[in-house]
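**Student:** Okay, so the sequence shown: first residue is 1 according to UniProt numbering, each after it adds one.
Backbone N, C-alpha and C fix where the C-beta goes; we use that ideal spot for every residue, glycine too.
The structure displayed is predicted, hence computed values, not measured ones.
Before I ask anything, let me first share the structure, which is written out below as structure tokens.
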Amino acid sequence: MNSSNWLYAGPSSSIPDLSTSNTPTSDTKFTSADSSSPPPCLILSLAASPPAALTPSAASLTIAPEPQLLIFRYRSKIHAIDHSCPHQSYPLSDGSIYDIEDFGIVLSAGIACPKHGWTFDLFTGESDRGGYKLGVWDVEVRGEEVWVRRRPKKKRIG
1 MNSSNWLYAG PSSSIPDLST SNTPTSDTKF TSADSSSPPP CLILSLAASP PAALTPSAAS
61 LTIAPEPQLL IFRYRSKIHA IDHSCPHQSY PLSDGSIYDI EDFGIVLSAG IACPKHGWTF
121 DLFTGESDRG GYKLGVWDVE VRGEEVWVRR RPKKKRIG
């Protein structure tokens, strides 16, 4: 692995936690009704060098021309995913996080696109519809620093 593929995302204390402690399985919205509260997720512009944090409103204005990364903590795990839905490039920071369950057992976590309701697994990027796949990034915590890199694509054999 080439260490230059890793991007510094910021201190781990800056990664917002979207987990809810009062309900074990809930639908958690990214957006906050209180405009004075900090952004509910960290959005990085990958066009900047080094990557720069964006406000949700600035991210919405620039979603199409530049790649962005959405970083947040959910159920004690830091996730990094592409900010735009692979279906129609809608910003996922307006989406909602939920637990993927089977008979009350939490199997994984997902995000729902607010535009069409398509859902994607936060660990695999797999969609519930079509051949669309969300870009999921590797996350590594080094001391108090969070580093991310695009997950390598698996090579097909045969």
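Could you spell out the range, first to last residue, of the beta strand (DSSP E) harbouring Glu-101?
**Tutor:** Run containing Glu-101: 96–102, per the beta strand (DSSP E) assignment.
**Student:** How long is the line joining the alpha carbons of Val-136 and Gln-88, rounded to whole angstroms?
**Tutor:** 17 Å
**Student:** According to DSSP, which residues form a beta bridge with Lys-133?
**Tutor:** Beta-bridge pairing links Lys-133 to Glu-126.
**Student:** Please identify the residue among Leu-42, Asn-5, Gly-131, Trp-6 whose C-alpha is closest to the C-alpha of Ser-14.
**Tutor:** With distances taken between Cα atoms, Ser-14 lies closest to Leu-42.
**Student:** For the beta strand (DSSP E) containing Glu-145, name the first residue and the last one.
**Tutor:** 145–150
**Student:** Going by DSSP, which residues form a beta bridge with Arg-73?
**Tutor:** Asp-17, Ile-78
**Student:** Closest to Glu-140 by C-alpha separation, out of Leu-92, Lys-77, Pro-114, Leu-70, would be which residue?
**Tutor:** Lys-77
**Student:** Please classify Pro-152: is it buried, with 16 or more other beta-carbons within 10 angstroms of its beta-carbon, or exposed?
**Tutor:** Classification for Pro-152: exposed.
**Student:** Using the three-state DSSP reduction, which class does Ser-89 fall into: helix, strand or coil?
**Tutor:** coil
**Student:** Is the beta carbon of Leu-70 sitting closer than 8 Å to the one on Ser-45?
**Tutor:** no
**Student:** Rounded to the nearest angstrom, what separates Asn-5 and Asp-138 at their Cα positions?
**Tutor:** Straight-line Cα distance between these residues: approximately 11 Å.
**Student:** Quick one: is the Cβ of Arg-75 within less than 7 Å of any heavy atom of the ligand COA?
**Tutor:** Of ligands this structure carries none, so the ligand COA is not represented either.
**Student:** Leu-122 and Gly-110 look like a contact to me (Cβ under 8 Å); what is the Cβ gap, rounded to whole Å?
**Tutor:** 6 Å
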